[in-house]
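Numbering (our numbering), first residue to last: 115 to 629.
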């Protein structure tokens with residue numbers, strides 16, 4: 115199998131990757147690029163070509179730098195963010211610019227959905243415990259009300275992965291995991307909801323055919339081959355939502371394993387055999403990349419972004435020092451934090467810099483540093499931020515436990531997983547073994563695994579994991595540190611309860627100074 119290669123693509127919210135793997139999961143080469151989206155108030159639109167042009171360039175650069183024969187790439191698949199709506203005409207042209215997931219113009223439509231159907235009914239259909247303008251169903255309704263001519267001209271409403279699949283194969287196709295958060299899919303039965311489609315104002319014919327993850331839908335089309343250098347023999351395979359792709363790339367292919375990704379946001383993925391809908395705990399439930407499996411997806415708006423904010427605002431000198439010496443600024447920050455005792459000498463942080471999602475669901479929540487004195491240093495604040503993210507993970511795990519979903523170990527992903535200190539803090543706070551990744555390209559590896567399944571190279575995703583996933587270092591909880599964190603964690607939880615009634619006053623003050 116050494117001469118067979120698999121291409122994994124990942125379309126993130128501001129960057130993208132193309133990575134080539136051997137059939138055994140060894141990373142051969144990866145190319146990365148960024149793209150820019152410019153919000154205009156609540157309006158956030160983009161020409162979908164913004165997604166494809168850098169992706170095509172990344173693929174071409176990868177092929178050039180690899181130097182192997184393109185026909186040796188047996189299959190390609192895609193990991194992607196969700197919720198962005200891309201209306202396409204029958205001749206394969208955008209009917210209008212894409213409505214990006216951040217576009218909030220459909221807030222009134224979200225309120226209509228809540229009034230007409232209620233949160234419980236929406237949860238029963240979609241598995242989503244919150245109603246907001248991020249969900250495609252609200253964007254469909256907004257288009258139906260404000261741009262009916264666009265809806266009439268649209269042959270297929272695509273999501274980001276669907277669009278990349280279309281540019282690869284020339285075919286409209288989607289898959290279940292990405293459409294789970296569209297709200298038009300009944301995730302129990304894996305069929306479109308007539309009730310939701312009626313609200314959206316679109317027809318079932320305007321949703322692309324939906325397939326399980328890891329399904330071959332065709333081969334690379336001639337136009338794509340000309341743009342990228344790929345072979346028209348390469349099979350195009352449906353992928354999955356990015357968190358599901360990353361989860362299977364970490365070996366999270368059965369219940370009992372939970373993956374945690376500290377990227378800009380913090381997200382957990384717990385694999386479950388049946389969907390769980392709970393209107394009190396309110397954990398988002400998605401169709402998994404694994405066939406006949408689901409995943410619970412608690413997430414928080416600020417994870418690694420909190421440390422980046424601190425670095426950008428309060429460690430400018432350290433960034434300059436790192437640049438001059440060729441070092442990584444995060445390494446300098448965390449090396450200093452490692453010298454601070456667990457619990458940061460009583461300094462606690464609430465990392466809700468962009469509101470709080472699970473389990474608080476409080477858009478007005480703010481960040482808090484509590485308990486600092488004249489003796490606290492930048493290193494204390496750095497460690498307190500790292501500990502705060504670990505406390506969020508523990509809160510998420512406790513929410514899962516209330517639903518009967520337990521974790522035997524935690525597998526860490528994302529930029530935060532590069533830090534052994536941060537991973538050890540997570541082990542100590544959560545009192546669980548933590549498995550670090552052997553390499554940092556999880557989402558694209560997950561896509562490559564689905565590509566392998568799609569061409570029958572392996573019979574299923576667990577077999578792909580056995581062949582292609584290599585565990586990194588395993589860290590175990592330190593009992594002494596854990597005992598400190600028991601007290602610190604209780605303070606973290608109580609601190610939110612003590613301050614949550616004050617957050618509206620922060621907004622009031624901010625608004626007063628704007629007028």
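Backbone N, C-alpha and C fix where the C-beta goes; we use that ideal spot for every residue, glycine too.
These numbers were taken from a predicted model, which means no experiment stands behind them.
Residue 133 vs residue 585 beta-carbon contact at 8 angstroms: The sequence position of residue 133 within the chain shown is 19, counting from 1. The sequence position of residue 585 within the chain shown is 471, counting from 1. At least 8 angstroms separates the beta-carbon of residue 133 from that of residue 585.
In DSSP terms, what residue 131 is bridged to: Numbered from 1 along the chain shown, position 17 holds the residue referred to as residue 131. Looking at the DSSP output, residue 131 sits in a beta bridge with 124, 146.
Identity of the residue in 271, 194, 484, 191 nearest residue 458 by Cα: Your numbering for residue 458 matches position 344 in the chain shown. Closest in C-alpha terms to residue 458, from the list 271, 194, 484, 191, comes 484.
Identity of the residues DSSP links to residue 469 by a beta bridge: As a working note, residue 469 is residue 355 in the chain shown. In the DSSP assignment, residue 469 forms a beta bridge with 467.
For residue 329 and residue 203, the rounded distance between their alpha carbons: Locating residue 203 in the chain shown gives position 89, where the first residue counts as 1. Locating residue 329 in the chain shown gives position 215, where the first residue counts as 1. Their backbone Cα atoms lie some 24 angstroms apart in a straight line.
Span separating the alpha-carbon of residue 175 from that of residue 383: Locating residue 175 in the chain shown gives position 61, where the first residue counts as 1. Locating residue 383 in the chain shown gives position 269, where the first residue counts as 1. Rounded to whole angstroms, residue 175 and residue 383 show a C-alpha spacing of 32 angstroms.
Whole-Å CB distance - residue 560 paired with residue 295, under 8 angstroms assumed: Position 446 of the chain shown, counted from the first residue, corresponds to residue 560. Position 181 of the chain shown, counted from the first residue, corresponds to residue 295. At roughly 18 angstroms, the Cβ-Cβ gap does not stay under 8 angstroms, so residue 560 and residue 295 are not in contact.
Nearest-angstrom Cα separation, counted from residue 172 out to residue 250: Working through the chain shown from its first residue, we reach residue 250 at position 136. Working through the chain shown from its first residue, we reach residue 172 at position 58. Cα to Cα, the separation comes out at about 28 angstroms.
Residue closest to residue 425, alpha-carbon to alpha-carbon, out of 268, 470, 482, 497: The count along the chain shown starts at 1 and reaches residue 425 at position 311. If you compare the alpha carbons of 268, 470, 482, 497 with that of residue 425, the shortest gap goes to 497.
Residue environment, residue 409, which counts as buried when at least 16 other CB atoms sit within 10 Å: Within the chain shown, numbered from 1, the residue matching residue 409 stands at position 295. By the 10 Å Cβ count, residue 409 comes out buried.
Touching by the beta-carbon criterion (3+ pairs, under 8 angstroms), the segment 528 to 537 and the segment 368 to 378: Yes, the segment 528 to 537 is in contact with the segment 368 to 378.
Proximity of residue 307 and residue 255 at Cβ, strictly below 8 angstroms: Indexing the chain shown from 1 puts residue 307 at position 193. Indexing the chain shown from 1 puts residue 255 at position 141. Residue 307 places its beta carbon 8 angstroms or farther from that of residue 255.
Minimum Cβ-Cβ distance from residue 616 to chain D less than 8 angstroms: You won't find chain D in this structure, because it holds only one protein chain.
Burial state of residue 630, where buried means 16 or more other Cβ atoms lie within 10 Å: The structure shown does not extend to residue 630, since the chain is modelled only from 115 to 629, so the question has no answer here.
Which residues DSSP lists as bridging residue 409, in chain order: Here residue 409 refers to the residue found at position 295 when the chain shown is read from its first residue. Paired residues: 385, 400.
C-beta atoms of residue 591 and residue 542 nearer than 8 angstroms: In the chain shown, residue 591 corresponds to position 477, counting from 1. In the chain shown, residue 542 corresponds to position 428, counting from 1. In this structure, residue 542 lies closer than 8 angstroms to residue 591 by Cβ.
The alpha helix (DSSP H) enclosing residue 254, as first and last residue numbers: Residue numbering aside, residue 254 sits at position 140 when the chain shown is read from its first letter. Taken as a continuous stretch (DSSP letters only), the alpha helix (DSSP H) holding residue 254 covers 250 to 260.
Boundaries (first-last residue) of the alpha helix (DSSP H) holding residue 576: By one-based count along the chain shown, residue 576 stands at place 462. From DSSP, the alpha helix (DSSP H) with residue 576 extends over 575 to 582.
As assigned by DSSP and simplified to three states, the class of residue 111: The first residue shown for the chain is 115 and the last is 629, placing residue 111 beyond what the model contains.
Where the beta strand (DSSP E) containing residue 355 begins and where it ends: Along the chain shown, one-based indexing puts residue 355 at 241. 349 to 355 is the span of the beta strand (DSSP E), which, as asked, contains residue 355.
Sequence-distant residues of its chain with Cβ nearer than 6 angstroms to residue 115 (five each side left out): Counting from 1 along the chain shown, the entry for residue 115 is found at position 1. Summary for residue 115: the model assigns pLDDT 46, below 50, so the residue's position carries little reliability; its value from the coordinates is reported in the next sentence. Cβ contact annotation for residue 115 (same chain, cutoff 6 angstroms, sequence separation greater than five): 137, in chain order.
For residue 286, the first and last residue of its enclosing alpha helix (DSSP H): Start at 1 with the first residue of the chain shown, and residue 286 comes out as number 172. Boundaries for residue 286: no alpha helix (DSSP H) harbours it, and the DSSP string shows neither H nor E there.
Contact check, residue 248 vs residue 125, beta carbons under 8 angstroms: Residue numbering aside, residue 248 sits at position 134 when the chain shown is read from its first letter. Residue numbering aside, residue 125 sits at position 11 when the chain shown is read from its first letter. In this structure, residue 125 does not lie closer than 8 angstroms to residue 248 by Cβ.
Runs of beta strand (DSSP E) lying entirely within the segment 314 to 341, each at least 3 residues, in chain order: The qualifying runs are 330 to 333.
Endpoints, the alpha helix (DSSP H) within which residue 234 is located: The residue labelled residue 234 in the question sits at position 120 within the chain shown. First-last of the alpha helix (DSSP H) with residue 234: 221 to 240.
Under 8 angstroms between C-beta atoms of residue 596 and residue 545: The residue given as residue 596 occupies position 482 in the chain shown. The residue given as residue 545 occupies position 431 in the chain shown. Contact flag set, yes.
Complete runs of the beta strand (DSSP E) confined to the segment 511 to 549 [at least 3 residues]: Counting only runs of 3 or more, we get 523 to 527.
For residue 310, the nearest candidate out of 252, 273, 266, 259 (CA to CA): Position 196 of the chain shown, counted from the first residue, corresponds to residue 310. When each option's Cα is compared against that of residue 310, the closest is 252.
Residue 455 versus residue 471 - alpha carbon distance: In the chain shown, the residue the question calls residue 455 occupies position 341. In the chain shown, the residue the question calls residue 471 occupies position 357. If you take the alpha carbons of residue 455 and residue 471, they lie about 29 angstroms apart.
Rounded C-alpha distance that separates residue 615 from residue 423: Reading the chain shown from its first residue, position 501 is the one you call residue 615. Reading the chain shown from its first residue, position 309 is the one you call residue 423. The straight-line gap from Cα to Cα measures roughly 25 angstroms.
First through last residue of the beta strand (DSSP E) which encompasses residue 437: In the chain shown, residue 437 corresponds to position 323, counting from 1. From DSSP, residue 437 is part of no beta strand (DSSP E) but of the alpha helix (DSSP H) over 430 to 439.
Close beta carbons around residue 336, own chain, < 7 angstroms, minus the five adjacent residues each side: Locating residue 336 in the chain shown gives position 222, counting from the first residue. Non-local beta-carbon contacts of residue 336 in its own chain, meaning distances under 7 angstroms to residues more than five positions away in sequence, involve 346 in chain order.
Boundaries of the alpha helix (DSSP H) in which residue 597 is found, first to last residue: Position 483 of the chain shown holds residue 597. Per DSSP, the unbroken alpha helix (DSSP H) holding residue 597 starts and ends at 593 to 613.
Limits of the unbroken alpha helix (DSSP H) element including residue 566: Reading the chain shown from its first residue, position 452 is the one you call residue 566. Where residue 566 is concerned, the enclosing alpha helix (DSSP H) starts and stops at 556 to 568.
Closest residue to residue 579 among 361, 305, 313, 168 (Cα-Cα distance): Numbered from its first residue, the chain shown carries residue 579 at position 465. The closest CA to that of residue 579, considering only 361, 305, 313, 168, is found on 361.
Outcome for residue 291 when other beta-carbon atoms lying within 10 angstroms are tallied against a minimum of 16: Position 177 of the chain shown, counted from the start, is the residue given in the question as residue 291. When all chains shown are included, residue 291 counts as buried.
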